[in-house]
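Asks: Questions regarding the structure given below will be posed in turn.
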């Protein structure tokens, strides 16, 4: 089954774009309950940093692709 977009999807997307703008990589969790948008959290590491299936070499490479502000 295809889950329909919430009616206020565009507003949620706009909020996520604004909240994530200052960061090179972040996941923004928003929830839509009965038409109201709720903020959950912002996560800066995938899987809470527990990515033990990636090699240290891969993680260093992936990290090198991100430019952090000074």
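In my numbering, the protein residues as written are 81 to 150. Note that the Cβ used here is the ideal one computed from N, Cα and C, for glycine as well.
Could you check the C-alpha separation between residue 122 and residue 91 for me, to the nearest Å?
Replies: Roughly 17 Å between the two C-alpha positions.
Asks: For my contact list, residue 132 and residue 115 are in at a C-beta cut-off of 8 Å; report their separation, rounded to the angstrom.
Replies: Not a contact, Cβ separation roughly 40 Å.
Asks: Just verifying my parser: in three-state terms, what is the DSSP assignment at residue 92?
Replies: Looking at residue 92 - three-state DSSP - the assignment turns out to be helix.
Asks: Quick check on this structure: which residue in 150, 85, 127, 143 has the alpha carbon closest to the alpha carbon of residue 107?
Replies: Out of 150, 85, 127, 143, 127 has the C-alpha closest to the C-alpha of residue 107.
Asks: Could you please give me the residues that DSSP links to residue 112 through a beta bridge?
Replies: The partner list for residue 112 (beta bridge, DSSP) reads 117.
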